[in-house]
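Participant:
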Amino acid sequence: MEHYSEPLNGVFQALADPTRRAVLGRLGQGPASISELARPFDMALPSFMKHVRLLEGSGLIRTRKQGRVRTCALEKAPFAAVEAWLDGQRAIWEGRTDRLEQFVTANVSEEETST
Amino acid sequence: MTAAFNPELDLTISRIIKAPRAAVWKAWTDRASFEQWWIPAPAKCRVIEMEVRPGGAMLTQMSENGGDFTPHLSACYLAVDPLERIVFTNALTGGWRPAEQPFMTAIVTLRDHPLGTDYAAHVMHKNNADRAMHEDLGFHDGWGAVTEQLAALVEGA
Chain A
5 MEHYSEPLNG VFQALADPTR RAVLGRLGQG PASISELARP FDMALPSFMK
55 HVRLLEGSGL IRTRKQGRVR TCALEKAPFA AVEAWLDGQR AIWEGRTDRL
105 EQFVTANVSE EETST
Chain B
17 MTAAFNPELD LTISRIIKAP RAAVWKAWTD RASFEQWWIP APAKCRVIEM
67 EVRPGGAMLT QMSENGGDFT PHLSACYLAV DPLERIVFTN ALTGGWRPAE
117 QPFMTAIVTL RDHPLGTDYA AHVMHKNNAD RAMHEDLGFH DGWGAVTEQL
167 AALVEGA
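Residue numbers (this note's numbering), protein chains in the order written: chain A, 5 to 119; chain B, 17 to 173.
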């Protein structure tokens, strides 16, 4: 559990601010450049960059510079952990079904040989 | 009544098991049989309660590495159709009492098949945020809201 607390603190901090939430919401529709992201906000670029860097530090987004344009995109990894949960449950149920099958078929063949 | 399948929250397992329905039914409803397969070896399973009727408790414990038995599953049977279907949920405990950390309802169905039993388990889960919170990431209550926000951002896209 400790393992998760540090990155999650970053996630929590990132989501605690309305500007950053709006940026995440925009990036949910697809990657965007910094200037495109900054446009709706009445804010100096250096201030806006602080928000971007905080989001990047939290692992929620990644940025990439191409020429003079820095593009931001949502990082899916924090969400992948949630998807992995269902895969984990599936593995548990597959295992249960394997053992159930093995258990009942072994019993059937025992009964067949004993009669 | 059949439950609709939600690919984001549900899973289904289906299999032809080469044993009669009665044998599969017994494996699900007989304590000693259930203990043999519910939990993977070498961990041991102990059935504390198994009242196979609607409202009945389904309570298991597990022991790993020969240690003390600790809670495993605490659930309540919702529907029991002999040799055909078992529905249970951990949203309730025995006697319909609401449970602390609900996240799952399972529907196990058995049908005749020329080779034995047509077996299916349909397992439905709560939303992603709660699942992650309770089961995987060790989130505490405050984090539930956070993951819900995350999910809302991504799913709203």
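By construction, the Cβ of each residue, glycine as well, lies at the ideal position given by its N, Cα and C atoms.
Name the chain B residues that come within less than 9 Å of Arg100/A, Cβ to Cβ?
Facilitator: Chain-order list of chain B residues neighbouring Arg100/A: Ile29, Trp53, Trp54, Ile55, Pro56, Ala137, by C-beta distance under 9 Å.
Participant: Nearest by alpha-carbon distance to Thr133/B: which of Arg37/B, Phe85/B, Thr121/B is it?
Facilitator: Arg37/B
Participant: How far does the alpha helix (DSSP H) with Ala48/B in it reach, from first residue to last?
Facilitator: Unbroken alpha helix (DSSP H) run through Ala48/B: 47-53.
Participant: Assess contact between the segment 96-110 of chain B and the segment 56-72 of chain A, defined as three or more Cβ pairs (one per stretch) separated by less than 8 Å. Is contact present?
Facilitator: no
Participant: CB-CB under 8 Å to Ala26/A, same chain, minus the five flanking residues each way: which ones, in chain order?
Facilitator: Pro44, Phe45
Participant: Hey, out of Ser90/B, Pro114/B, Leu25/B, Pro130/B, whose CA is closest to Gln77/B's CA?
Facilitator: Ser90/B
Participant: When you compare each of Pro22/A, Ala110/A, Trp97/A, Ala20/A to Ile55/B by their alpha carbons, which one comes out closest?
Facilitator: Answer by Cα proximity: Trp97/A.
Participant: Would you say Lys42/B lies against chain A (beta-carbon separation less than 9 Å)?
Facilitator: Yes, Lys42/B counts as interfacial toward chain A.
Participant: Figure out for me which residue from His88/B, Tyr135/B, Asn81/B, Pro58/B has the closest Cα to the Cα of Gln117/B.
Facilitator: Selected option, being the one with the closest Cα: His88/B.
Participant: Could you pull the start and end residues of the alpha helix (DSSP H) that Met47/A belongs to?
Facilitator: Run containing Met47/A: none; DSSP gives neither H nor E here.
Participant: Please report the Cβ distance between Arg30/A and Leu41/A, rounded to the nearest whole angstrom; I am assuming they are in contact, meaning their Cβ atoms lie under 8 Å.
Facilitator: 6 Å
Participant: Ordered along the chain, which non-local residues of its own chain (more than five positions away) have a Cβ less than 6 Å from that of Ser37/A?
Facilitator: Val73, Thr75
Participant: Pull up the distance between the alpha-carbon of Thr101/A and that of Ile29/B, whole angstroms please.
Facilitator: 8 Å
Participant: Identify the residues that DSSP records as bridge partners of Leu27/B: which are they?
Facilitator: Beta-bridge analysis with DSSP links Leu27/B to Val139/B.
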